[in-house]
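Here the structure comes first, spelled out in structure tokens, and everything after it is commentary.
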Amino acid sequence: MDLGNIRDLVRKTHVSIVENRFLGERIDKLKDAVGSDGVRISMESALTARDRVGVQDFVLLENHTSEAAFIENLRKRFKENLIYTYIGSVLVSVNPYKDLEIYTKNHMERYRGVNFYEVSPHVYAVSDNSYRSMRTERKDQCILISGESGAGKTEASKKILQYYAVTCPASDQVETVKDRLLQSNPVLEAFGNAKTLRNDNSSRFGKYMDIQFDFKGAPVGGHILNYLLEKSRVVHQNHGERNFHIFYQLIEGGEEDLLRRLGLERNPQQYQYLVKGNCPKVSSINDRSDWKVVRKALSVIGFSEDEVEELLNIIASVLHLGNIQYGGEDSGNAYITTDTQIKYLARLLSVDGLVLKEALTHKTIIAKGEELKSPLNLEQASSARDALSKAVYGRTFTWLVNKINVSLAYKDETYKNASVIGLLDIYGFEVFQHNSFEQFCINYCNEKLQQLFIELTLKSEQDEYEAEGITWEPVQYFNNKIICDLVEEKFKGIISILDEECLRPGDASDITFLEKLENTVGGHAHLTTHKLADGKTRKVMGREEFRLLHYAGEVNYNVNGFLDKNNDLLFRNLKEVMCMSDNKILTQCFDRAELKDSKRPETAATQFKTSLAKLMEILMSKEPSYVRCIKPNDAKQAGRFDDVLIRHQVKYLGLMENLRVRRAGFAYRRHYETFLQRYKSLCPETWPSWQGKLADGVSTLVKHLGYKPEEYKLGRSKIFIRFPKTLFATEDALETRKHSLASKLQSSWKGYSQKTKYRKLRSSAVVVQAWWRGILACRRAQRKRQAANTIRRFIKGFIYRHNERCPENEYFLDYVRYSFLMKLRRNLPKSVLDKSWPTAPTALIEASEQLRKLYMQNMVWGYCKRINPEWKHQLEQKLVASEIFKNKKDNYPQSVPKLFMGTRLNGEEINPKVLQSLGSEKMKYAVPVTKYDRKGYKTNNVPLPLLSMQSQ
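According to my numbering, the sequence shown holds residues 1214 to 2165 in order.
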């Protein structure tokens, strides 16, 4: 196998390994196709893994109509921390309530530029797919993120923004935009998010963000649209919930000097707007550190110090407004009992305190062109105070979003038509124990989004079928247009009826609205009330409720507060006070033109309906992608899977409807090239490569695999497979085939690698040998040159050896001297008696003689130094003997080497008897002798010393 085939095999095997493996059960029909008796055995482990982790695309569920099978597949993947699953191109995300190591930069690079189905499901895959579609097709994209509070919508939008910030091209200007896009999140969360019973960081507003990209694909700007901020939370929270985060962050994290200037205490319990939920602290929220993040984010986005100061003044003023207390009888005129709060408000809002105090206790009525001031009772005054708080906070939030938009605006006029990816993070379908006006608007929004989703999904499916030449099969589905019309239809819709009741003169109330609803649309199949319902339904409905049958199920709405929340009116005199403020933010929030406009402002429901219609137009102009978020439990616990709660969300998210639409035709479709590349190893005719047309190759492959005609269709550029089991069988056969491919790959690669290694070693050895031979040759040539120069200098020196020292003979003379000295060193005399000495050359005779003398003196000195006293005494005796016997005694030369022996006896060594026999004679010399017997010449065992010499 050549290198090209090996590389191709490596690449194809890699693709088959990293691509998501679809699992299934049927393999019998493909057993002969792969020609292996071990198929069934190897498939058992694959089926075990399949049962454990489920399928990654719900389209491949065998029983796709079963809600139980759908939820069971979610459970399997959730237990394995696989929180993402596809429904075709729709991403289903389950909140894990814990940190998973799947959002690192390495994961981002893994999904960057990779085909949507080549890697496991992930929010990064959706992000990258939208980005690549925008770049290649030059068409704007949008990603719709939906789900109930706590399902992870906000986190999903953060991950998408982070992905674009990391993977998109960058420059100094782009980095600034990226930072502002990322830093806009903590600011909007602080002012628009709050702790609810279901979520500690719940978005209490809808957000649509456009991210603008230049022709290079770099993010260069952005724009944010906000929808339906829950202003009622400013003045009231349910038990266990909190107000917006910014209030607690300011109190907990604000510096002492700042709080002193704002007139605030570091205790949330001191403020009426913060105690109603009885939840000042949350274990998962650190308000102090979040305050630092928000302050830094405001600076990054481009807020000046003056703007931040005025913004915080407004936030503090809302808390002071909540602490205003009224006195007076319920039916009498109300008056303010807390003048301290008015002083703070006058300073923080930059208004006249007396004017503000009067506006909070009176309202202005214009009758026949005249202005009349009417005092407010206790209930009206409290409502006016709360209405002002909501209006100030709501308009400030709108100003904040506009300010962020100014900092994110695309300022380069060179490329006006920037490409756009939109992010829609909006509330999901909500069904509470008590559902009010907010839930009505939110669920109406979800009805519109579901309608849009069905229309776009069916349209994209139909367009794909027509493009591929496949006959389109009509899909039966629930068209929720009837519900949308019930809510938004002119003159007859619920919003029109609500507006009419709000605007009509007379004693309009929530109950009259309900009665008019019964009279106008009471016969609608998707609406009922307590009055119109049957006996069984009345038992679970209140008299002040109406029920809507949404696409996701039935919801009961309580009409109490509908008219007040829809009117959202602020008394004229309060608007006038705000218009007189020197606070620049309030000046922009409260326009004097409002006071001159005699028209009644649009109601909240109408405004929301209009903005929602504009949002639908925006989304219809873009190619959508979907992220459906699911909350696994209400306790926010990791690893807990609540079947009842999830079944409820699956229903109201319309996931089963989505799956049914996607599975109406063919469950699986792929381009010929992708399909052939993945499965070509299963057919001998297509392996290792197919040289003909792709369509012919795919046709050959599926015939070899035994596909039946009703199981697939071949389009112009794609193959469509109807049943998941067909694909599962193919995948199982591929899993088996991979083992033989891996063995072949290993053997081929080992052979190639060893051959390559040998060739490298051989070429390296040749290089080393050539290099070493060169070095040896250079060394030999150098030695030859040195030898030739030496011989040349030696001959020339020999010729001039008798001349005076000169350059021609100095080398020769030096060599002669050197040779003599080295010869002398080897032949030096070994003892003082050795008189030999090498013959010196003529020029060194004198020096040789001096050296000989010095050497002999040194030898003698050394010899003398080594003589001990005994030896010295011997020499002295030898010297005396020489003077006496030399040349006088024939055998003297033979006696010289022999040492003198000391044989004299001391007096103590002589036999006392001998000494006694001497008497008075003086003894001078005595030696021991051996006495021999005359008879037999035997020696005496104890020789006696004899007198050798006596005195005369």
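Glycine included, every Cβ here is placed at the ideal spot set by N, Cα and C.
Here residue 1590 carries a strand assignment [DSSP, helix/strand/coil]. Contact annotation: residue 1867 and residue 1639 have beta-carbon atoms that are not nearer than 8 Å. The segment 1276-1288 and the segment 1814-1827 do not touch, with fewer than three beta-carbon pairs separated by less than 8 Å. Contact between the segment 1638-1653 and the segment 1771-1781 is established, with three or more Cβ pairs separated by less than 8 Å. Residue pairing by DSSP places residue 1883 opposite 1932 in a beta bridge. When beta bridges are read from the DSSP output, residue 1632 appears opposite 1426. Under DSSP, residue 1436 forms a beta bridge with 1423. Residue 1862 counts as buried, since no fewer than 16 other beta carbons sit within 10 angstroms of its beta carbon. Between the segment 1583-1594 and the segment 1491-1510, the count of C-beta pairs closer than 8 Å stays below three; the two stretches do not touch. Along the length of the segment 1369-1397, whole alpha helix (DSSP H) runs at least 4 residues long do not occur. Here residue 1917 carries a helix assignment [DSSP, helix/strand/coil]. With the rule of 3 Cβ pairs closer than 8 Å, the segment 2023-2031 counts as touching the segment 2000-2013. Residue 1836: member of the beta strand (DSSP E) spanning 1836-1843, first to last residue. Sequence-distant Cβ neighbours of residue 2060 in its own chain, meaning closer than 8 Å and more than five residues away, are 2053.
Assignment of residue 1647 by DSSP, reduced to helix, strand and coil, places it in the coil class. Per DSSP, the continuous beta strand (DSSP E) segment holding residue 1770 begins and ends at 1766-1771. Under the Cβ criterion (8 Å, minimum of three pairs), the segment 1376-1395 counts as touching the segment 1427-1440. Contact annotation: the segment 1301-1314 touches the segment 1358-1366, with at least three C-beta pairs closer than 8 Å.
For residue 1585, the beta-bridge partners assigned by DSSP are 1578. Excluding its 5 nearest sequence neighbours in each direction, residue 1769 has C-beta neighbours in its own chain below 7 Å: 1648, 1754, 1758 and 1760, listed in chain order. By alpha-carbon distance to residue 1772, the top candidate from 1727, 2151 and 1860 is 1727. Only residues of its own chain outside the window of five on either side were considered, and among them none has a CB closer than 7 Å to the CB of residue 2062.
Residue 1663 sits away from residue 1548, with the two beta carbons spaced by 8 Å or more.
Secondary structure note for residue 1355: it is in no alpha helix (DSSP H), and the uninterrupted beta strand (DSSP E) holding it is 1354-1359. Residue range 1297-1300 is occupied by the beta strand (DSSP E) that includes residue 1300, with no alpha helix (DSSP H) assigned at that position.
Exposure of residue 2046 is indicated by the presence of fewer than 16 other C-beta atoms within 10 angstroms of its C-beta. Note that the C-beta distance between residue 1572 and residue 1790 is below 8 Å. Residue pairing by DSSP leaves residue 1694 without any beta bridge partner. Residue burial annotation: residue 2150 is exposed, with fewer than 16 other C-beta atoms found within 10 angstroms of its C-beta. The beta carbon of residue 1462 sits closer than 7 Å to those of 1403, 1500, 1503, 1504 and 1507, all from its chain and outside the five residues before and after it, given in chain order.
Distance between residue 1905 and residue 1677, taken at the CA atoms: about 25 Å. Around residue 1575, the same chain offers 1586, 1587, 1588, 1589 and 1786 as residues with beta carbons nearer than 7 Å, after the five sequence neighbours per side are excluded.
Residue state for residue 1307 is assigned as strand, using DSSP reduced to three classes. Beyond the five residues adjoining it in sequence on each side, residue 1711 comes within less than 7 Å, by CB distance, of 1726, 1775, 1779 and 1818 in the same chain, given in chain order.
Assignment of beta-bridge partners to residue 1563 by DSSP yields no partner. DSSP places residue 2014 in the coil class of the three-state scheme, outside both helix and strand.
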